[in-house]
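In the order they appear, the protein sequences are chains F and C. Our numbering numbers the first residue of the first sequence as 1 and each following residue consecutively. Our numbering numbers the first residue of the second sequence as 120 and each following residue consecutively. From the three backbone atoms N, C-alpha and C, an ideal C-beta is built for every residue, glycine too. Given the structure is predicted, the values throughout are model-derived calculations rather than measurements. Everything on this sheet refers to the single structure shown next.
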Amino acid sequence: MIASDLLDVPVHDEAGAHLGWVVDLRFVLDGAPDTFLARARLHALVVSPRTRTSFMGFERSSVRHPWPVAPILRWWHRGTFLVHWPDVARVPDPDAGAGPEDTAAIVLRAEFTAYEPGL
Amino acid sequence: MKSRLLTVALGILTAIGGFLDAGDLVTNAVVGSRFGLSLAWVVLVGVVGICVFAHMSGKVAAVSGRATFEVIRERLGPTTAGLNLAASLAVTVLTLVAEVGGIALALQLASSVDHRLWVPVAALAVWLVLWRVKFNLMENVTGLLGLTLVGFAVAVFLLGPDWGDLAAQLVPQVPVQESAAVYWYFAVALFGAAMTPYEVFFFSSGGVEDGWTVKDLASSRLNVMVGFPLGGLLSVSIAACAAIVLLPAGIQVDSMSQLTLPIAEAGGTLLVAVVIVGLVAATFGAALETALSTGYTLSQYLGWSWGKFRRPARAPRFHLAMILALVVAVGVLMTNVDPIAVTEYSVVFSAVALPLTYLPILVVANDPEYMGEHVNGRFMNVLGTVYLFILVVAALAAIPLMIVTEAGG
């Protein structure tokens, strides 16, 4: 699996309700030592309810500048949440090709927890 | 220890590529011969704009070690950044085509040998510099030789114009013989030329090539404050020469050779020789800048190793990208297309590339994770946001104006 298999993909809850799109992935560097750093491990997905465009990093911090770019992006991405990778029930098969919209979605477990996306 | 003079070579070379590349050399003279100095205010607006964004991109590069397209790729995500990459590459490669053609035209002025014969020679020379010459030497030599274009400013004084008359032309107004649409088309073209995306790609990547750190913030600021105003001043000087000599005579500029007419009148053969050295150096410098920008943007988007500070074997795809761009340039020029006309169409791609380039710079310059204590102050943010707005308006207006006026017809 590569990052593009997850980015921009719709996210559904277990009942099939649409929750948003994956706009970013969050990794932790705690794997086995690689060439320069520890190997990255996928920690969580950042899901934005209204748009699949980039949040441009504002979800990570409390930065409110530059005006009006930051407020507009924050309003557009309001309700963005973070969901941990173990809370993901299944992901679309990357080799399946383009299917109908509802099957090509990431489905979360019933008891998933939505976290604040800030660091 | 670098001297103060050579410290600003990067800024000068960057500005030459923006204000004094082959397309703009001719555009400046066209504007002067048709509009006098009534569009000089646009150059001023453009100089301030490019200073604002080059300053931010240089600051981000110095503090974080990351060049502009790496920042764009990170903040916009693969799809939107890919759109920017396609548009930016189109602008950059079209300009490279014009520059290789421009070097050939300038060499024709010096040698009377047909410019088509010079095209392969010019491309080979550009490649050799890209392959062999150290970044530092490259920026110093082309930056310093490009300064001989100061001959245009000297010529303005030698021509001894009626200064009051010339100053009166500075008032923004549409000349009676021109339509408002054509006036605004050239206004957008001059503004776009001042703020081309490859200038910040080159400037920020050049900062990384020169090994800038937080300690070099002052050096970055000096480069911005010297290079771009100088480029703008020379661009206005070219327009002024044309306004003094060609406008009253009713001569319309359509080729590079006409640039030297006012120079010959002002300073004779000697000054023409000096200016031709400047024309070759400026087009050569702009060719290096655009070829390198092609390599920088592609490599930074795709995560390849890049930079002239690495040996070519350590950055093979970066060098391959530049070689391909040069091959494309020679191929296009061999079709006998007018190299200057090529740049007119790059306006269309700038409309997409400019906002998508300057927005991420503005956002990252505000991110304390990247910038620490060096985040933008309120003043830079206000300026940056105002210019982002102007850019979007100019970008939206560019294409309809180009169609209505048939590219300034």
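* Under 8 angstroms by beta carbon: chain C residues contacting M1/F -> Near M1/F there are no residues of chain C at all, since even the closest Cβ is about 15 angstroms away, more than 8 angstroms.
* Flag this pair as yes or no: are the beta carbons of S323/C and T504/C separated by less than 7 angstroms? => no
* Asked: So which residues of chain C does W67/F contact, with C-beta pairs closer than 8 angstroms?
  -> The answer, in chain order, is N500 and T504.
* To do: Tell me, please, whether the CB atom of R194/C is closer than 7 angstroms to any CB atom in chain F?
  => yes
* Asked: What in chain C is Cβ-close to V46/F, meaning under 9 angstroms?
  -> Within chain C, no residue comes near V46/F; the closest Cβ sits about 11 angstroms away, beyond 9 angstroms.
* **chain C contact residues for L108/F, given Cβ-Cβ distances below 8 angstroms** => The contacting residues do not exist; L108/F stays about 22 angstroms from chain C at best.
* **Exposed unless 16 or more other CB atoms sit within 10 angstroms - verdict on P117/F** => buried
* For N147/C and I357/C, believed in contact at Cβ under 8 angstroms, the rounded distance -> 4 angstroms
* List the residues of chain F that L481/C touches, going by C-beta distances under 8 angstroms, in chain order. => P66 and V69
* To do: Alpha carbon to alpha carbon, how far is L243/C from L443/C? Give it in angstroms, no decimals.
  => 12 angstroms
* C-alpha gap between A513/C and L277/C, whole angstroms -> 36 angstroms
* **Buried or exposed by the 16-neighbour rule on C-beta atoms within 10 Å, applied to V372/C** => It counts as buried.
* Asked: Are there 16 or more other CB atoms within 10 angstroms of the CB of P474/C, so buried, or fewer, so exposed?
  -> Burial of P474/C is indicated by the presence of at least 16 other C-beta atoms within 10 angstroms of its C-beta.
* To do: Return the chain-ordered list of same chain residues with a C-beta closer than 8 angstroms to the C-beta of A40/F, the five sequence neighbours on each side being excluded.
  => F27, V28, L29 and G31
* Determine which residues share a DSSP beta bridge with P10/F and list them. => W21/F
* Identify the contact partners of P487/C in chain F, using a Cβ-Cβ distance below 8 angstroms as the criterion. => S61 and V63
* **Identified DSSP bridge partners for I106/F** => V11/F
* To do: Check whether the Cβ of G57/F lies closer than 7 angstroms to any Cβ atom in chain C.
  => Judged by the 7 angstroms Cβ criterion, G57/F is in contact with chain C.
* As assigned by DSSP and simplified to three states, the class of A484/C -> coil
* To do: Can you check the region 292-360 of chain C for any alpha helix (DSSP H) of at least 4 residues that lies completely inside it and give the ranges in chain order?
  => 299-313 and 316-328
* Asked: In whole angstroms, what is the alpha-carbon distance linking D143/C and V461/C?
  -> Their backbone Cα atoms lie some 12 angstroms apart in a straight line.
* DSSP-derived helix/strand/coil call for D30/F -> Annotated three-state conformation of D30/F is strand, per DSSP.
* Asked: Can you name, in chain order, every residue of its own chain whose Cβ lies under 6 angstroms from the Cβ of T524/C, other than the five neighbours on each side?
  -> A300, V301 and Y304
* To do: Can you have a look at P71/F and say buried or exposed, based on whether 16 or more other CB atoms are within 10 angstroms of its CB?
  => exposed
* Asked: Exposed or buried, which one is I459/C when buried takes at least 16 other CB atoms within 10 Å?
  -> buried
* Could you tell me if E492/C is buried or exposed, where buried requires 16 or more neighbouring beta carbons within 10 angstroms of its beta carbon? => Around the beta-carbon of E492/C, fewer than 16 other beta-carbon atoms lie within 10 Å, marking it exposed.
* C-alpha gap between L507/C and Y477/C, whole angstroms -> 7 angstroms
* For the beta strand (DSSP E) that S48/F lies in, which residues bound it at each end? -> A38 to S48
* Asked: Are the region 397-411 of chain C and the region 210-222 of chain C in contact at 8 angstroms, needing three or more beta carbon pairs?
  -> yes
* **heavy atom of the ligand PLP below 6 angstroms from A173/C C-beta** => No copy of the ligand PLP appears in this structure; indeed no ligand is present at all.
* Asked: Going along the chain, which residues of its own chain have a beta-carbon closer than 7 angstroms to the beta-carbon of V166/C, five neighbours each way excluded?
  -> A313, F347, P348 and G351
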